[in-house]
Ligand code: C2E
Ligand code: MG
Ligand code: MG
Ligand code: MG
């Protein structure tokens, strides 16, 4: 019943603002060259605890720093990479950069969990878990500080090998997160069988859920399901104070979105942390009224 509700009520995906109006398309060779030339840059978006405002971790969001076209967003090249057999090389680059960065943060005294988005195509061969294990060990990042995010809509069809790899990674103590929850239709059995640690409610059911009964039903139901299954809950797409207050009222664990911070280069994080601390106080963001 929950599944049916989610599919029918899923709102259209919001179009985000982009620098240029016309979207260029990039082909396989162009993306391959970009990976090799080191033009992929990791941005990081904070995930904060709703009760205290404390920074719990960051999500890695890859950008292509194109020499002529400027910053290219993942929706313009991840699909291309998947189609042209480049996604393993791409994910490996993103993981290497994320773990190296996590190491630097660790050395500066920040104990952050670092999340990386994983494509279902990465989970096609058992080699993937070896890559993740090896890269984590090389940077001396403990597995329980690493979160692998898998989009719910990709968890459909015949996913036995993928589930096997996820299960093995979980046994090695890596944390697993189900992303964009509500936009796919994973079965309840799958949610029970795969040991996800975290559930991210899709931004389409978070932003403005405080003023829409329809969105609110899906938000509440997703939150309740995650809590029943002992998963940590994250709301994505927290864009305004109303969204933030809803999370506080409903006991969502973590928040992520432009209201808190947009994705940023690693070197801006410490400056943002100071700003955020100030905002927590001046805007009474975690005050127990
Ligand atoms: P996602 O994993 O669900 O990431 C959240 C997306 O929402 C990001 O878009 C983020 O910039 C955006 N976002 C964050 N806060 C807000 C907000 O308050 N409002 C709105 N409207 N949007 C917000 P981005 O960076 O363009 O990434 C899009 C998708 O591309 C990601 O969705 C993820 O599925 C995929 N992706 C990003 N990096 C990677 C990667 O390294 N590997 C793979 N395989 N996929 C990636
Ligand atoms: Mg994600
Ligand atoms: Mg998401
Ligand atoms: Mg998404």
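Residue numbers (UniProt numbering): 121 to 409.
Heads up, the beta-carbon is just placed ideally off N, CA and C, and yes, glycines get one too.
Short Cβ contact (8 angstroms threshold) for residue i with residue j
i	j	result
residue 377	residue 356	yes
residue 338	residue 302	yes
residue 175	residue 384	no
residue 326	residue 173	no
residue 285	residue 224	no
residue 322	residue 352	no
residue 180	residue 238	no
residue 204	residue 158	no
residue 329	residue 366	yes
Counted within 10 angstroms of its Cβ, other Cβ atoms place residue i as buried (16 or more) or exposed
i	result
residue 281	exposed
residue 306	buried
residue 275	buried
residue 221	buried
residue 191	exposed
residue 170	buried
residue 334	exposed
residue 168	buried
residue 402	exposed
residue 391	exposed
residue 395	exposed
residue 343	buried
residue 324	buried
residue 127	Confidence in residue 127 is poor, its pLDDT being 42 and thus under 50, which makes the residue's placement unreliable; the coordinate value appears in the next sentence. Exposed, by the Cβ-count rule.
residue 249	buried
residue 142	exposed
residue 278	exposed
residue 360	exposed
For residue i, the first and last residue of its enclosing alpha helix (DSSP H)
i	result
residue 327	No alpha helix (DSSP H) contains residue 327, which DSSP labels as neither H nor E.
residue 165	Per DSSP, residue 165 belongs to no alpha helix (DSSP H); it is in the beta strand (DSSP E), 160 to 169.
residue 391	389 to 402
residue 179	From DSSP, residue 179 is part of no alpha helix (DSSP H) but of the beta strand (DSSP E) over 175 to 186.
residue 151	148 to 156
residue 252	247 to 258
residue 370	361 to 370
Supposed contact pair residue j and residue i - C-beta distance, whole angstroms, cut 8 angstroms
i	j	result
residue 178	residue 165	6 angstroms
residue 200	residue 146	6 angstroms
residue 208	residue 264	No, residue 208 and residue 264 are not in contact; Cβ-Cβ is about 24 angstroms, not under 8 angstroms.
residue 315	residue 345	So it is not a contact: roughly 15 angstroms between Cβ atoms.
residue 375	residue 358	5 angstroms
residue 155	residue 206	6 angstroms
residue 160	residue 210	7 angstroms
residue 268	residue 294	6 angstroms
residue 311	residue 349	6 angstroms
residue 144	residue 189	6 angstroms
Same chain, Cβ closer than 7 angstroms to residue i, five either side skipped, listed in chain order
i	result
residue 215	236, 252 and 255
residue 82	Residue 82 cannot be examined here, being either before or after the span of the chain that is shown, 121 to 409.
residue 368	170
residue 317	295, 296, 297, 351 and 352
Proximity test, residue i beta-carbon vs ligand 6 heavy atom, cut-off 7 angstroms
i	result
residue 147	What this structure holds is ligand 1, ligand 2, ligand 3 and ligand 4, not ligand 6.
Cβ shell of residue i (< 8 angstroms), same chain only, five flanking positions each side left out
i	result
residue 304	271, 272, 273, 274, 275 and 276
residue 244	281 and 282
residue 212	251 and 255
residue 227	none
residue 382	165
residue 331	362
residue 152	204, 206 and 209
residue 287	314 and 315
residue 202	239 and 241
Boundaries of the beta strand (DSSP E) in which residue i is found, first to last residue
i	result
residue 296	295 to 301
residue 233	233 to 238
residue 190	190 to 192
residue 353	352 to 355
residue 267	266 to 271
Close beta carbons around residue i, own chain, < 6 angstroms, minus the five adjacent residues each side
i	result
residue 187	none
residue 336	329
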